[in-house]
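What follows is one structure encoded as structure tokens, with my remarks underneath.
In my numbering, the protein residues as written are 2 to 146.
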């Protein structure tokens with residue numbers, strides 16, 4: 002099997018996962034009851050990730066990953082921006098864990114199907130794992146001078 006060349010950040014599997022997750026959560030949360038608009042719906046969509054106001058966790062990951070991809074000429078800058086992805090996802094006792102908690106509430110309140118909740122929860126774990134893997138193997142992602 003030949004590894005496909007990654008030319009732009011949108012070609013990265015981790016980016017595709019994060020983007021799809023953000024869109025899936027957005028679409029699913031549209032179906033939440035009106036009375037949840039400013040509580041559960043807002044919480045599941047929002048993130049306090051740096052420089053990305055009112056964005057979901059995955060939107061934040063996408064934005065930071067795009068920026069990291071453009072900084073891969075220098076390992077320190079690349080890794081720092083990837084760490085922003087993880088920190089953006091893991092701030093305040095893990096933003097991803099917070100999102101996972103809101104997913105749990107959504108399931109318990111009957112707004113999300115149990116299987117969909119499990120899928121979303123698991124995908125967050127995969128996204129974070131992929132980001133950590135990129136950080137740990139940053140040399141293989143750097144631009145060759």
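Even for Gly, the Cβ is constructed at its ideal location relative to N, Cα and C.
Let's see if you can read the secondary structure: which residues bound the alpha helix (DSSP H) around residue i?
i, result
"residue 116", "115 to 137"
"residue 25", "14 to 30"
Do residue i and residue j have their C-beta atoms closer together than 9 angstroms?
i, j, result
"residue 143", "residue 79", "yes"
"residue 121", "residue 22", "yes"
"residue 37", "residue 125", "no"
DSSP three-state label for residue i, please.
i, result
"residue 82", "helix"
"residue 87", "helix"
"residue 7", "coil"
"residue 33", "coil"
"residue 110", "coil"
Ignore the nearest five residues each way along the sequence and tell me which others in residue i's own chain have a CB closer than 6 angstroms to its CB.
i, result
"residue 87", "132"
"residue 1", "The question about residue 1 has no answer, for the chain in this structure spans 2 to 146."
"residue 115", "108"
So, for residue i: in the same chain, excluding its five sequence neighbours on each side, which residues have a beta-carbon less than 7 angstroms away from its beta-carbon?
i, result
"residue 16", "10, 63, 66"
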